[in-house]
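Participant: If you're matching positions, the sequence shown starts at 0 in numbering that gives the first Met the number 0 and goes up one per residue.
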Amino acid sequence: MKSFKITTLPGDGIGPEVMDAALAILGLVGSEYELNFEIITELAGGASFDKFNEPITESALQSCLESDAVLLGAVGGPKWDNLPQNKKPEKGLLKLREVLGLFSNLRPAKIFAPLADASSLKKDVIVGSDVMVVRELTGGIYFGEPRGHNKQEGFNTLRYKKYEVERIAKVAFELAKKRNGHVTSVDKANVLDSSQFWRDVVHEVHQDYKDVPLSDMYVDNAAMQLVRDPKQFDVILTQNLFGDILSDITAMITGSMGMLPSASIGENHAMYEPVHGTAPEIVGLNKANPIAMIGSVAMMLEITLNQPEAAHRINMAIETVLEKGIRTIDIASPNSTIVSTDGMRNEIIHAFQDSDQSIKSSRELVKE
Ligand code: NAD
């Protein structure tokens, strides 16, 4: 029996609610595929601050470092908004990304056909779009020194080293190659020196991936093009700040923040988390959509744990449930059946179990 150590950081707000749903699916995967998941739960964000006065502790970080993968819910909320910068929940997340060396953030935004009506964009604009944002995660303006503010000024530094651009560009080209797609590198090279540098390095790396088409786009244009015609994009490669903003725009193509999984990957570690935050206004109401968190488990199974069939079955189960018109409130449409977080979890579990039968029968057919 294969064994995997997974550290879970449910975090704050709806984080623990969606994590519970995700772990139920993971448990099912474990029993069906004879995989042993050793689950270690640690605190992160506001929950960690409340108990340890730190947004993440050394022992939580150590557990993550020793794990095959980390699952994170979400951190933050109004309760901790006024803490000093170094105690804020988000600081715990930044520390985690830094310590684990998670330099690439992959955010797929694929339209689930039954949800096309949930998007604020027109159906014919979005149906068929399948965008993967590859965001650089441990460099750029979020980490650059010097930084600071006083009563007269505030400043941050945007700096990229060559190796940082090279390694993230390779991730984007490799992904585009697997998807038979193309890369759009997004920058602001008409204004920023750091962006001209980014563009030069991306083109240098491209010499090793000549079969993958590459184009450049300014970030302001990219924001506009994403809502005008998202189908023109396949893999979007971009720096930390631009990726943060553009991936929220791509999120809305799919209709709800509650739908989007993500992966953060480094040389030796990986963390999977939904794109959404802690949704303070629906905490404890059993209303949170668990699909992004469950989709993050599917990404973990596929990318880090090498279990593509289980991952595919989870994604198919999600699609089946949506096709039946079953929805959490955030993605509800006029004729849909509204379910709670637990209800959505149970529906996905049933669809996953049913897909076992169809996989078994198709295996029987192949044998015959
Ligand atoms: P949010 O993603 O929490 O919420 C945005 C909107 O989407 C809200 O209307 C919310 O109710 C809805 N929503 C989000 N996830 C949902 C889900 N799974 N099901 C149903 N509806 C969902 O973003 P926000 O309001 O800007 O931030 C709230 C808190 O979360 C803040 O403290 C912020 O710092 C934190 N946050 C954390 C992360 C993270 O941990 N990675 C990411 C974003 C925001």
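Built from N, CA and C at the ideal position, the CB exists for glycine as well. Bear in mind that the values here come from a model prediction, so they are computed numbers and not experimental data.
Below 6 Å CB to CB, which residues in the same chain sit around Thr327 once its five sequence neighbours on both sides are set aside?
Facilitator: Only Asn288 and Met343 meet the Cβ criterion.
Participant: Suppose you measure from the CA of Asn52 to the CA of Pro88; what does that come to, to the nearest Å?
Facilitator: Near 11 Å, if we compare the C-alpha coordinates of Pro88 and Asn52.
Participant: How many angstroms separate the CA atom of Tyr217 from the CA atom of Leu92?
Facilitator: In a straight line, the C-alpha of Tyr217 is about 28 Å away from that of Leu92.
Participant: Short of 6 Å in beta carbon distance, which residues of its chain neighbour Met292, apart from the five on each side in sequence? Order them along the chain.
Facilitator: Correct list, in chain order: Val17, Ala21 and Pro273.
Participant: Give the secondary structure of Ala43 by DSSP, where H, G and I count as helix, E and B as strand, and everything else as coil.
Facilitator: Looking at Ala43 - three-state DSSP - the assignment turns out to be coil, as it is neither helix nor strand.
Participant: Could you check which residue in Ser62, Ile252, Tyr271 and Asp341 has the C-alpha nearest to that of Lys122?
Facilitator: The shortest C-alpha separation from Lys122 is found at Ile252.
Participant: DSSP has Tyr208 in a bridge; who is on the other side?
Facilitator: Answer is none; Tyr208 lacks a bridge partner.
Participant: Runs of 4 residues minimum, wholly inside the segment 256-344: which ones carry the alpha helix (DSSP H) assignment?
Facilitator: Listed in chain order, they are 290-302 and 307-322.
Participant: Quick check on Gly76: does DSSP put it in helix, strand or coil?
Facilitator: If DSSP states are grouped into helix, strand and coil, Gly76 belongs with coil.
Participant: Which class does Ser184 belong to by DSSP, given the choice of helix, strand or coil?
Facilitator: Ser184 falls in the strand class under three-state DSSP.
Participant: So who's on the other strand from Pro107, going by DSSP bridges?
Facilitator: DSSP lists Met131 as partners of Pro107.
Participant: Is the beta carbon of Leu136 sitting closer than 8 Å to the one on Asn267?
Facilitator: No; because the gap between Cβ atoms is not below 8 Å, this pair is not in contact.
Participant: Are at least three pairs of beta-carbons, each pair with one atom in the segment 320-336 and one in the segment 27-39, less than 8 Å apart?
Facilitator: No, they do not touch.
Participant: My output table needs one value for Ser30: the three-state DSSP class, helix, strand or coil.
Facilitator: It is helical.
Participant: If you follow the alpha helix (DSSP H) that Arg166 is in, where does it begin and where does it stop?
Facilitator: Segment Lys161 to Lys177, the alpha helix (DSSP H) holding Arg166.
Participant: Excluding the 5 residues preceding and the 5 following Leu120 in the sequence, name in chain order all residues of the same chain whose CB lies nearer than 7 Å to its CB.
Facilitator: If we look at Leu120 and ignore the five residues flanking it on each side, its Cβ neighbours are Val226 and Ile252.
Participant: Assess, as a yes-or-no matter, whether the segment 155-171 is touched by the segment 125-143 under the definition of 3 or more beta carbon pairs within less than 8 Å.
Facilitator: Yes: at least three Cβ pairs fall under 8 Å.
Participant: Is the segment 313-320 touching the segment 345-357 in the sense that three or more CB pairs, one from each, lie closer than 8 Å?
Facilitator: Counting Cβ pairs under 8 Å, three or more are found: they touch.
Participant: Nearest to Ala117 by CA position, among Ser339, Glu346, Met0 and Ile325, is which residue?
Facilitator: Here the closest residue by C-alpha is Ile325.
Participant: So, is Ala108 buried or exposed, given that buried needs 16 or more other C-beta atoms within 10 angstroms?
Facilitator: Its Cβ being crowded by 16 or more others within 10 Å, Ala108 is buried.
Participant: Can you tell me which of Phe232, Ala175, Ala168 and Ser194 puts its alpha carbon nearest to the alpha carbon of Glu203?
Facilitator: Residue Ala168 is the option with its Cα nearest to Glu203.
Participant: With DSSP as the reference, label Phe36 as helix, strand or coil.
Facilitator: In this structure, Phe36 counts as strand in the three-state DSSP scheme.
Participant: Could you check if Val17 belongs to the surroundings of ligand 1, using beta carbon to heavy atom distance under 7 Å?
Facilitator: Flag set: Cβ of Val17 near ligand 1.
Participant: Express the C-alpha separation of Val296 and Ala310 in angstroms, rounding to a whole number.
Facilitator: Their backbone Cα atoms lie some 8 Å apart in a straight line.
Participant: Quick check on the DSSP output: the alpha helix (DSSP H) that includes Leu225 runs from which residue to which?
Facilitator: Residues Val218 to Arg227.
Participant: Tell me whether the beta-carbon of Ala188 lies closer than 8 Å to the beta-carbon of Val133.
Facilitator: Not a contact, by the Cβ cut-off of 8 Å.
Participant: Could you give the DSSP three-state label for Glu203: helix, strand or coil?
Facilitator: Looking at Glu203 - three-state DSSP - the assignment turns out to be helix.
Participant: Please name the residue in Ile24, Asp19 and Ala43 whose C-alpha comes closest to that of Gly10.
Facilitator: It is Ala43 whose Cα lies nearest to the Cα of Gly10.
Participant: Could you check what DSSP says for Ile244 in three-state terms: helix, strand or coil?
Facilitator: Residue state, collapsed to three classes: helix.
Participant: On the three-pair Cβ rule with 8 Å, is the segment 98-115 touching the segment 245-262?
Facilitator: With the cut-off at 8 Å, the segment 98-115 and the segment 245-262 touch.
Participant: Locate the alpha helix (DSSP H) running through Gly10, then write down its first and last residues.
Facilitator: Element bounds for Gly10: not the alpha helix (DSSP H) but the beta strand (DSSP E), Lys1 to Gly10.
Participant: Specify the secondary structure class of Gly139 as computed by DSSP and reduced to three states.
Facilitator: If DSSP states are grouped into helix, strand and coil, Gly139 belongs with the helices.
Participant: Taking just the CA atoms, how far does Asp247 sit from Gly368?
Facilitator: The question about residue 368 has no answer, for the chain in this structure spans 0 to 367.
Participant: Where does the unbroken beta strand (DSSP E) through Leu236 begin, and where does it stop?
Facilitator: Run containing Leu236: Val234 to Thr237, per the beta strand (DSSP E) assignment.
Participant: How should Glu346 be labelled, buried or exposed, when 16 other C-beta atoms within 10 angstroms of its C-beta is the threshold for buried?
Facilitator: It is buried - the Cβ of Glu346 has at least 16 other Cβ atoms within 10 Å.
Participant: In three-state terms, what does DSSP make of Arg158?
Facilitator: Reduced to three states, the DSSP call for Arg158 is coil.
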